[in-house]
Amino acid sequence: MAKIIRAQRARKPTVRSAPKKSAKKPAAKPPARAAKKSLKAPKPRTPKPQTPKPQTPKPWTPAEVREAFERFRKANPEPKGELEHLNPFTLLVAVVLSAQATDAGVNKATRALFAVADTPQKMLALGEEKLRDYIRTIGLYRTKARNVIALSEKLIADFGSEVPRTRAEIESLPGAGRKTANVVLNMAYGEYTLAVDTHVFRVANRTGLAPGKTPLEVELGLEKAIPAEFMLHAHHWLILHGRYTCLARKPRCEVCLINDLCRWPEKTV
Ligand code: SF4
Numbered sequence: 012m013a014k015i016i017r018a019q020r021a022r023k024p025t026v027r028s029a030p031k032k033s034a035k036k037p038a039a040k041p042p043a044r045a046a047k048k049s050l051k052a053p054k055p056r057t058p059k060p061q062t063p064k065p066q067t068p069k070p071w072t073p074a075e076v077r078e079a080f081e082r083f084r085k086a087n088p089e090p091k092g093e094l095e096h097l098n099p100f101t102l103l104v105a106v107v108l109s110a111q112a113t114d115a116g117v118n119k120a121t122r123a124l125f126a127v128a129d130t131p132q133k134m135l136a137l138g139e140e141k142l143r144d145y146i147r148t149i150g151l152y153r154t155k156a157r158n159v160i161a162l163s164e165k166l167i168a169d170f171g172s173e174v175p176r177t178r179a180e181i182e183s184l185p186g187a188g189r190k191t192a193n194v195v196l197n198m199a200y201g202e203y204t205l206a207v208d209t210h211v212f213r214v215a216n217r218t219g220l221a222p223g224k225t226p227l228e229v230e231l232g233l234e235k236a237i238p239a240e241f242m243l244h245a246h247h248w249l250i251l252h253g254r255y256t257c258l259a260r261k262p263r264c265e266v267c268l269i270n271d272l273c274r275w276p277e278k279t280v
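Counted the way our numbering counts, the sequence shown spans residues 12 to 280.
So this is what it looks like as structure tokens:
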């Protein structure tokens with residue numbers, strides 16, 4: 012019996028001591044990124060190249076616009092258009108023919124044409140084929156001949172053979188757009204309209220007088236800026252200025268009447 016008791020005592024399991032809790036928690040590892048950051052030296056910042064902003068020219072003051080047109084008037088009190096014509100009908104035809112052509116080129120062809128056909132009836136009697144022969148030196152002459160015959164027919168049918176006096180009616184004629192209507196209304200009927208051709212468009216934008224992305228935008232800008240007393244001739248003053256002074260490739264800034272008022276940054280004076 013004593014043996015058994017001794018044996019049991021001997022087999023008494025030893026109680027393992029629980030792992031000692033450490034008093035201090037291990038320090039949390041810093042996030043990998045933070046560690047990286049602290050290792051690298053901060054890069055010196057190189058400033059981004061600045062793209063220069065396009066400069067918007069200072070708008071003209073009403074006094075400056077008046078000054079410019081007074082100078083134009085003094086230099087040329089009665090400016091004339093250079094398209095030769097005999098009456099509103101021949102003016103209309105000449106303007107339709109002048110699209111993408113020079114006035115000189117159109118005049119060369121129309122001198123002989125208008126001697127035989129200066130009314131819608133005579134133009135119709137001449138016929139498209141013969142009309143083509145008169146104007147074949149002008150670009151797009153086939154389309155233009157077709158349009159001139161068609162507009163002559165429409166004038167006879169709808170307008171009593173007269174060139175109408177409203178922009179909408181003129182624009183309804185074959186081959187005639189807003190520019191044609193403005194020229195005819197201004198030159199034939201003395202309306203204060205302003206046709207924007209390539210010269211007027213360039214001058215208005217370069218000078219900053221009426222900047223615009225489209226001819227219509229320029230036209231409306233000019234109408235707003237130019238005092239009424241100059242509107243009858245404004246179209247011709249601006250065309251002639253663009254044609255003979257403010258040339259597309261090499262503007263003659265040194266002899267320009269308005270060079271002190273012009274806002275073009277590339278002007279040569
Ligand atoms: S100064 Fe030069 S760019 Fe300006 S309107 Fe005159 S010709 Fe044209």
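We put the CB at the ideal spot given by N, CA and C, even for glycine. Everything numeric in this text was worked out from a predicted model, so none of it was measured.
- The closest CA to that of Ala105, considering only Arg254, Thr218, Lys261 and Ile149, is found on Ile149.
- Per DSSP, Tyr203 lies in no alpha helix (DSSP H) and is assigned neither H nor E.
- Closer than 6 Å to some heavy atom of ligand 1: that does not describe the Cβ of Thr209.
- Taking 4 residues as the shortest admissible run, the stretch 224 to 255 contains the following complete alpha helix (DSSP H) segments, listed from N- to C-terminal end: 226 to 236 and 239 to 255.
- Counting other Cβ atoms within 10 Å of its Cβ, Gly201 stays below 16 and is therefore classed as exposed.
- Inside the stretch 80 to 125, DSSP marks whole alpha helix (DSSP H) runs of 4 or more residues at positions 99 to 108, from first to last along the chain.
- Taking the Cα positions, Lys190 is about 15 Å away from Ala245.
- Between Val229 and Phe212, the CB-CB gap stays under 7 Å.
- Just so you know, the alpha carbons of Ile146 and Thr121 end up roughly 7 Å apart.
- The Cβ neighbour count for Asn98, taken over all protein chains shown within 10 Å, is under 16; the residue is labelled exposed.
- For Glu173, there is no enclosing alpha helix (DSSP H), as DSSP marks it with neither H nor E.
- With a threshold of 6 Å, the Cβ atom of Trp275 counts as near ligand 1, since some heavy atom of the ligand is closer than that.
- Between Cys257 and Val280, the gap from beta carbon to beta carbon reaches 7 Å or more.
- Between the alpha carbons of His210 and Cys273 lies a gap of roughly 15 Å.
- By the 16-neighbour rule on beta-carbons within 10 angstroms, Leu227 is exposed.
- For Pro70, there is no enclosing alpha helix (DSSP H), as DSSP marks it with neither H nor E.
- For Thr218, the uninterrupted alpha helix (DSSP H) run begins and ends at Thr209 to Thr218, by DSSP.
- With a cutoff of 6 Å, Asn270 counts as near ligand 1, since its C-beta is closer than that to a heavy atom of the ligand.
- In the assembly as shown, Ser163 is a buried residue. Its beta-carbon has 16 or more other beta-carbons within 10 Å.
- Taking 7 Å as the cut-off, the Cβ atoms of Ala156 and Leu142 count as close.
- For Arg189, the secondary structure class from DSSP, reduced to helix, strand or coil, is helix.
- Following the DSSP letters along the chain, one finds Lys141 inside the alpha helix (DSSP H) bounded by residues Glu139 to Ile146.
- Judged by their CB atoms, Arg178 and Ala192 are nearer to each other than the 7 Å cut-off.
- Residue environment analysis places Pro276 among the exposed positions, since fewer than 16 neighbouring C-beta atoms fall within 10 angstroms of its C-beta.
- Membership of Ile181 in the alpha helix (DSSP H) is indicated by the continuous run Arg178 to Glu182.
- In the three-state DSSP reduction, Leu272 falls in the coil class, being neither helix nor strand.
- Inclusion of Pro262 in the 6 Å shell around ligand 1 follows from its C-beta lying nearer than that to a non-hydrogen atom of the ligand.
- Contact annotation: Val107 and Gly186 have beta-carbon atoms nearer than 7 Å.
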